[in-house]
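Student: Below you will find the structure I want to go over with you.
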Amino acid sequence: MSGSDMRPGSTSKRVSSLRDLPREIAPPRDLWKGIEAEIAAPVQTVVKAPSHRLRYLAAAAMVAALAVGIWIGRELSVPLYTAHATVLPANNTPVDEPGAFHAAYVMGPKYINQRAQLVRDLATRLAQLPPESRTKVMSSLQAIDDSKRNLERELGKDPSNALLQELLVNTYQDEMRVLTAVHEAGSSGEGI
Amino acid sequence: MKEAGRQESPVDWEGALIQRARSGDTRAFERLYREHAGRVYGLCLRMTRDAALAEDCTQEAFINAWRALDRFEDRASMATWMHRIAVNVVLGKRRKAAPLMVDWDSLAPTGEDERIESEWTLETPLEVNDIEAAIGGLPDGARDVLVLYAIYGYSHSETAEMLGVAEGTCKAQLHRARGLLRDRLGVEVG
Chain D
1 MSGSDMRPGS TSKRVSSLRD LPREIAPPRD LWKGIEAEIA APVQTVVKAP
51 SHRLRYLAAA AMVAALAVGI WIGRELSVPL YTAHATVLPA NNTPVDEPGA
101 FHAAYVMGPK YINQRAQLVR DLATRLAQLP PESRTKVMSS LQAIDDSKRN
151 LERELGKDPS NALLQELLVN TYQDEMRVLT AVHEAGSSGE GI
Chain A
1001 MKEAGRQESP VDWEGALIQR ARSGDTRAFE RLYREHAGRV YGLCLRMTRD
1051 AALAEDCTQE AFINAWRALD RFEDRASMAT WMHRIAVNVV LGKRRKAAPL
1101 MVDWDSLAPT GEDERIESEW TLETPLEVND IEAAIGGLPD GARDVLVLYA
1151 IYGYSHSETA EMLGVAEGTC KAQLHRARGL LRDRLGVEVG
């Protein structure tokens, strides 16, 4: 250690024991800025892999969408809405489970009105369908409803989860496709 | 003389600062830095004999401490913990710079135990600068032990643990340091 490095206050003070040497030596410059720059650096965000639960929900939503897509042939053109929607379940009762995500996500009033109209006509239209088609529709709507409830419940726990939001919107869109297909189907169940 | 543990006071301000720092409060950690920087830098400077390197070691020690705050035991002394981290940083840099330079085990225990409660008194009072220069001229191994034991007051076992050497080696180095200091300072070191 050079002499100039080791002169706390460049003192010529005399001591009679090594124990009396100063324990503290002030750094010649403030080192805090360098430390702060290092510890305040943003931690690299680690994108978490979807949890098993989320993967299950995604798979369930996909299965529901696939089933709906198959039976309506995806040839139907439904005026779906681009942005986020809030949609009531097919039975028109809002999901009201504790912790559920009450989607005030909303599409425009046009969507809500259109859906409400389709839901009102659903019972009448279903009654006109052959039993086999009716069973298909009811089964698909049930799958969609289950999927929506699960997604809304998970979104209640993690409202900012973009994947869940997207899955939920897709599920709403699938529901609209089913309702529209039922509405436009003939009494023979054609198109279903 | 021992390094003091955490000061017991009605308000454990340091414990509170540590808690806040653990939760990510850099202002709290800055206060801890301000409190301990002088002791950490002093130790690093005495061990490295290089002001710029001592600054680097001090910074690195505090950065390491920030990252390891969760592992800090609440009843431990922050001062001692910081010194342990600083010693590790200095030894790490020294190994990188000259991996074969420090050969701790080359100095076998002499069997002549250092007096545990030695006060390291000088036969005649001397100027601080002269003493520091003499300490700075000691070989690394002897100097490290002398600094931790004689200046900062750690016990043999604590000093040995910090430096990663056997306690016998630590005592032997201290014995060697005492002899070298006596020769360089020209006074008896009791």
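As given, the protein sequences belong to chains D and A, one line each in that order. Just so it is clear: in the first sequence, position 105 is 105 by this note's numbering, and no numbers are missing. For any residue, its number in this note's numbering is found by taking its place in the second sequence, counting from 1, and adding 1000. Heads up, the beta-carbon is just placed ideally off N, CA and C, and yes, glycines get one too.
Looking only at C-alpha atoms, which of A:Val1087, A:Val1090 and A:Ala1065 sits nearest to Met1078 of chain A?
Tutor: Ranking A:Val1087, A:Val1090 and A:Ala1065 by Cα distance to Met1078 of chain A puts A:Ala1065 first.
Student: Apart from the five residues just before and just after Val137 of chain D, which ones in its own chain have a Cβ nearer than 6 Å to its Cβ?
Tutor: Val182.
Student: Please report whether the beta-carbon of Ala26 of chain D lies at a distance below 8 Å from any beta-carbon of chain A.
Tutor: For Ala26 of chain D, the answer is yes, since a Cβ of chain A falls inside 8 Å of its Cβ.
Student: Just to confirm my understanding: we take Leu164 of chain D, look at its own chain, exclude 5 residues before and 5 after, and list those with CB closer than 6 Å. What are they?
Tutor: Around Leu164 of chain D: Leu151, Glu154 and Leu155.
Student: Quick check on Pro1139 of chain A - is its C-beta less than 8 Å from some C-beta in chain D?
Tutor: It does not; no Cβ of chain D falls within 8 Å.
Student: Whole angstroms are fine: how far does the CA of Glu1035 of chain A sit from the CA of Glu1167 of chain A?
Tutor: Each residue's Cα considered, the two are about 30 Å apart.
Student: So Arg19 of chain D and Ala1150 of chain A are in contact, right, with Cβ under 8 Å, and what is the actual spacing, rounded?
Tutor: Confirmed, Cβ separation roughly 7 Å.
Student: Which value, in whole angstroms, describes the spacing of the CA atoms of Trp1120 of chain A and Ser17 of chain D?
Tutor: Rounded to whole angstroms, Trp1120 of chain A to Ser17 of chain D spans 5 Å at the Cα level.
Student: In the region 1053-1066 of chain A, which residues sit with their C-beta less than 7 Å from some C-beta in chain D, listed in chain order?
Tutor: If the cut-off is 7 Å between Cβ atoms, the region 1053-1066 of chain A has Glu1055, Thr1058, Gln1059, Phe1062, Ile1063 and Trp1066 near chain D.
Student: How should Ala1054 of chain A be labelled, buried or exposed, when 16 other C-beta atoms within 10 angstroms of its C-beta is the threshold for buried?
Tutor: That one is buried.
Student: Alpha carbon to alpha carbon, how far is Ala1052 of chain A from Tyr1033 of chain A? Give it in angstroms, no decimals.
Tutor: Those two C-alpha atoms are separated by around 18 Å.
Student: Across the region 1145-1164 of chain A and the region 1083-1101 of chain A, are there enough close Cβ pairs to call them in contact, namely three or more that are closer than 8 Å?
Tutor: Yes, they touch.
Student: Compute the distance between the beta-carbons of Glu24 of chain D and Gly1042 of chain A, then report whether it is under 8 Å.
Tutor: Contact: yes.
Student: State the DSSP-derived secondary structure class of Ser1023 of chain A, mapped to helix, strand or coil.
Tutor: In the structure shown, Ser1023 of chain A sits in coil (DSSP, three-state: anything other than H, G, I, E or B).
Student: Kindly indicate if chain D contains any beta-carbon less than 8 Å away from that of Trp1081 of chain A.
Tutor: By this cut-off, Trp1081 of chain A is not an interface position.
Student: Just curious, the alpha helix (DSSP H) that Val1128 of chain A is in, first and last residue?
Tutor: Its alpha helix (DSSP H) spans residues Val1128 to Gly1136.
Student: Compute the Euclidean distance between the alpha carbons of Ala1016 of chain A and Gly1024 of chain A, then round it to the nearest angstrom.
Tutor: Each residue's Cα considered, the two are about 13 Å apart.
Student: Determine the DSSP secondary structure at Ser140 of chain D, reduced to helix, strand or coil.
Tutor: DSSP places Ser140 of chain D in helix when its eight states are reduced to three.
Student: Between which residues of its own chain and Ala1086 of chain A is the CB-CB distance below 6 Å, once the five residues before and five after are set aside?
Tutor: So the qualifying residues of the chain are Val1040, Leu1043, Cys1044 and Ala1061.
Student: Considering Cα atoms alone, identify which of A:Val1189, A:His1156 and A:Gly1186 is closest to Gln1173 of chain A.
Tutor: Nearest of A:Val1189, A:His1156 and A:Gly1186 to Gln1173 of chain A, Cα basis: A:His1156.
Student: Is it true that the CB of Leu1126 of chain A sits closer than 8 Å to the CB of Leu1180 of chain A?
Tutor: It is not a contact, given that the beta carbons lie outside the stated cut-off.
Student: Give me the DSSP bridge partner(s) of Leu1122 of chain A.
Tutor: Its beta-bridge partners are A:Val1189.
Student: If you follow the beta strand (DSSP E) that Ser17 of chain D is in, where does it begin and where does it stop?
Tutor: Run containing Ser17 of chain D: Arg14 to Ser17, per the beta strand (DSSP E) assignment.
Student: Report the CB separation of Ile39 of chain D from Ile1063 of chain A in whole angstroms; it is logged as a contact under 8 Å.
Tutor: Contact holds; Cβ gap of about 6 Å.
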